[in-house]
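First to last, the protein sequences are chains H and C. Position 259, counted from 1, in the first sequence is what the numbering used here calls 259; the numbers after and before it change by one each time, with no gaps. Position 13, counted from 1, in the second sequence is what the numbering used here calls 13; the numbers after and before it change by one each time, with no gaps. Note that the Cβ used here is the ideal one computed from N, Cα and C, for glycine as well. Here the structure is a predicted model, which means the values were calculated and not measured. All remarks here apply to the structure that follows.
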Amino acid sequence: MLKLSNGAAADDKLSFKNRLKSDIRRNYPLYILILPVLAYYLIFCYKPMYGALIAFKEYRPDLGVFGSPWVGFYQFKRFFANPDFVRILRNTLTISISSIVFGFPAPIILALLFNELKMPKFKSVAQTISYLPHFISLVVVCGLVKTFVSQGGIIYQLVTLIGDKKVGLLSRPECFVPIYVLSDIWQQIGWSSIIYIAALSAIDQELYEAARIDGANKWKRVIHVTLPGIAPTIIIMFILRMGSLLSVGYEKIILLYNPLIYETSDVILSYNYRVGLEQQDWSYSSAVGLLNSAINFLMIIVMNKLSATFSDTSLW
Amino acid sequence: MNTKFKKLVRAISLVLCVAMLAACGNGGKEVAKEKDANTVTYWVSLSGNAMQTVTNLGETPFAKKLMEDLGVTIEYQHPAQGQAAEKFNLMVAMGNLPDIIEYAWNNAYPGGVAKALSSGIIQKLDLEKDAPNMAAYAKANPEIDRMLKTDDGDYFGFPFIRGDEYLLTSAGPIVRADWLKDLGLEEPETIDEWTEMLRAFKEKKNAKSPLSVSAANIEAFGLFVGAYGIADNLYVDNGVVKYGPAQDAYKGFLTQMNQWYSEGLLDADFASIDGATVRSNIINGVAGATAGSCGSGIGRWIAAATEEGYDLAGTKYPVLNKGDKAQFGHYSLPVTTTMAAITRDCKNKELCAKILDYGYGEKGQMLFNFGIEGESYNVVDGYPTYAEIITKNPDGLSMADALARYTVAYSEGAFVQDKRYMEQYAQLPQQKAALTNWMDTDMKDHVMPTVNLSEEERESIATAMESIKTYKNEMEAKFIMGVEPLDKFEEFQAELAKRGVEQYEKCYQAAYDRYMSR
């Protein structure tokens, strides 16, 4: 990326076509290397995108994507007119924001803790153990969660030491968000911390020595050396995370929720699943999915802009 | 070192080249095999039971005999397990269809069978000419004939038909028979007797959740709610289509369930439990009553239980007053939504129709239900009796798996299922008694048939359907658990009305009327 911008500055006067030509001549092995990636995106990400058209149509399989009649924003209006629309949007935001507020700092804290460990053997064993849940299938994880929080399960019993309600935790609307967020942290914390651990290892050790000579204690060193050292990584990860604000992991929700707790657990994508796959209302569910993606796209742009304004780090 | 490395690289490349050439050779042969006029392609999901022994239906003795009888070659194509819906959607959207597609067309194709027919995805049948066996069957059973055609009177395919009342009911309430005996109780018939029984289970048998049943099964079987003269969904009452939860009687059901719940008789987690939990509850004595089916319920649970004297009984669907006949219960339509259809890309319609029609004739029915005479069944006193290869398979296959090799009776297909299959499949006396009990309802008069909604009707209720279902499921659970007080029932009805329940009933009423006048 750096190289490209330097080159662009040098051949400023030439047209883009000529610049590209000369650059290809100079760096052709690099262009060959990137070709498969470009092809991948074109074939698997951009080509199928024309299918999003059916969000503005009344899709009929016999007429195909292009032949189906146009209906404009009809499908979107249907979604807004749904009596549960406000609730679905609220749940999506609640679950998503709680996951960010609690789930985002967790791997950073874990990485900082690992960083302070002095015994290499213990450190690597602990790290490996923390990755493991990531590799368990989501279906199995949800099975575990259900067993633990239903009546007689271990977490249920711990919770009932404080409260005295008799129903399983997944039958209480107020418990769903904590269950969702905490189990998510449990499963992903180790895996997500890898990138921060990598960033930590890149911090110059001399900075720590200098800080120590200046009389900084452990805590001060974390605040003034470690955190600024990994700040760019944190910001980039944060922007990327904001981009999936509305894409709450719906597979997990579908595996965990039940009608009793719809009021706190039904999100855009789980609703979409019920409509799209159970009723074959393809155009409608495409519209809902498209709306979801559009908001996500908007979020990532806004966050990137904010980040570029207030710090020097941004995605582009 | 370097030359050694180069040699290694050369050796590897050589091996790879040879492997590629070999692969090409195989591929070439595959392509060379041309599709002759006597071959048809047949897309169908391979049943889980058949999957135990074969990877393609064509390898089973059943399919071989079928091809031999008809003198044709059938190339079966199967979607990967669990991906049938995705595959089906892709196929109809992308075109290039196999000659025959067997699937739940009416549910899976947007707009249902009528739409698939009018848009030309599947070919219309001239019943007399194309399918003489099915035409004869339809003539002999006018009730079924009505289910075989669209509102316009067009015949569209070869559905799986359950050929006897006996095959239409296979699930219902199940209780611990040995507990009843210990406690000196009769099998419960009324709701009050149920209450008494559940209390006894709780107090004297220490059952933690005497009644362990999921909300989904309560709805699907119309269990308990039927005692109040309604179903938990759409049903027909003297020619009028009604949505059960919108009726006043629904409150009676909710009140009763709420009472059971607050007494600790109904499983506290009924809204979230799944089949596996119910199974372990009923096997381990946590529960004494539940709902389930004949084969995967009673049969498997009795086999899995380790407790001495463990026994189950399928009891009658409960009613309010002793001596009444239950109005509602589990009931599947004789003509299911699974159907083999001849697609628009089929070039040889007569041949496909001949193949599919076979399962509706006398000879074909024997093959589809019982397999090969002398091998998988013998006729004893005029009754086709499964041979030992099915009932006590020498290779240790379960009866269902063995059946899947010689017949399609256990799963679904384009044929008429025979009562005599079920009589032999349900082997335990408990299962036979359960079926008799469960069948004793008038559900036949109340069941909503498979109707064709017009495009306008479909559109006008598309959003309402999901919204009503979500709201009803949520409120049902809340009322039963006491999260919402029952005096809010009128508000519940008002909200249902706001969500368009009247329009919902109206559309189905119109479609039902068209159905009845076919």
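Query	Result
Residue 361 of chain C at chain H interface by Cβ criterion, 8 Å	no
Residue 102 of chain C - DSSP class collapsed to helix/strand/coil	strand
Residue from C:314, C:162, C:95 whose Cα sits closest to the Cα of residue 171 of chain C	C:314
Short CB-CB distance (under 8 Å) between residue 204 of chain H and chain C	no
Residue-level contact to chain C via CB, residue 250 of chain H, 8 Å cutoff	no
Minimum length 4: unbroken alpha helix (DSSP H) runs contained in the stretch 95–182 of chain H	105–116, 120–131, 138–149, 154–162
For residue 305 of chain C, the first and last residue of its enclosing alpha helix (DSSP H)	Where residue 305 of chain C is concerned, there is no enclosing alpha helix (DSSP H), given that its DSSP letter is neither H nor E.
Beta-carbon proximity of residue 98 of chain H to residue 181 of chain H, cut-off 8 Å	yes
Any C-beta of chain C under 8 Å from that of residue 167 of chain H	yes
Any chain C beta carbon closer than 8 Å to residue 284 of chain H	yes
Beta-carbon contacts of residue 441 of chain C that lie in its chain and below 6 Å, excluding the five residues immediately before and after	317, 326, 329
Among H:19, H:46, H:55, nearest to residue 285 of chain H - alpha-carbon criterion	H:55
Touching by the beta-carbon criterion (3+ pairs, under 8 Å), the stretch 158–178 of chain C and the stretch 290–297 of chain C	yes
8 Å Cβ cutoff, residue 262 of chain H in contact with chain C	yes
Coil, strand or helix - residue 510 of chain C by DSSP	helix
Cut-off 8 Å between Cβ atoms - residues of its own chain near residue 378 of chain C, not counting five sequence neighbours on either side	384, 385, 387
Per-residue burial, residue 212 of chain C [other beta carbons within 10 Å of its own, 16 or more giving buried]	buried
Residue 104 of chain H beta carbon less than 8 Å from that of residue 238 of chain H	yes
C-beta neighbour in chain H for residue 287 of chain C, strict 8 Å	no
Alpha-carbon spacing of residue 283 of chain C relative to residue 202 of chain C, whole angstroms	16 Å
Contact belief for residue 248 of chain H with residue 95 of chain H at Cβ below 8 Å, rounded distance in angstroms	5 Å
Contact list for residue 279 of chain H against chain C, beta-carbon separation under 8 Å	462, 465, 466
Proximity to residue 118 of chain C [Cα-Cα], best of H:61, H:116, H:252, H:267	H:61
CA-to-CA distance, residue 251 of chain H to residue 390 of chain C, given in whole angstroms	40 Å
Residues within the stretch 139–166 of chain H neighbouring chain C, beta-carbon criterion of under 7 Å	150, 151, 166
Integer Cβ distance of residue 108 of chain C from residue 280 of chain H, believed to fall under 8 Å	7 Å
Beta-ladder partner(s) of residue 383 of chain C, from DSSP	C:380
Chain H within 8 Å of residue 478 of chain C, Cβ atoms only	yes
Cβ pair residue 69 of chain H, residue 77 of chain H closer than 8 Å	no
Secondary structure, beta strand (DSSP E): runs of 3+ residues fully inside the stretch 381–436 of chain C	383–386
Residues near residue 210 of chain C by beta carbon distance below 7 Å, same chain, minus five either side	198, 201, 202, 265, 287, 288, 289
Straight-line gap, residue 248 of chain C to residue 239 of chain C (C-alpha atoms, nearest Å)	19 Å
DSSP-derived helix/strand/coil call for residue 75 of chain C	strand
Reference residue 69 of chain C, options C:100, C:371, C:182, closest by Cα	C:371
Cβ-based burial, residue 101 of chain H [other Cβ within 10 Å; buried from 16]	exposed
Close beta carbons around residue 428 of chain C, own chain, < 8 Å, minus the five adjacent residues each side	298, 299, 302
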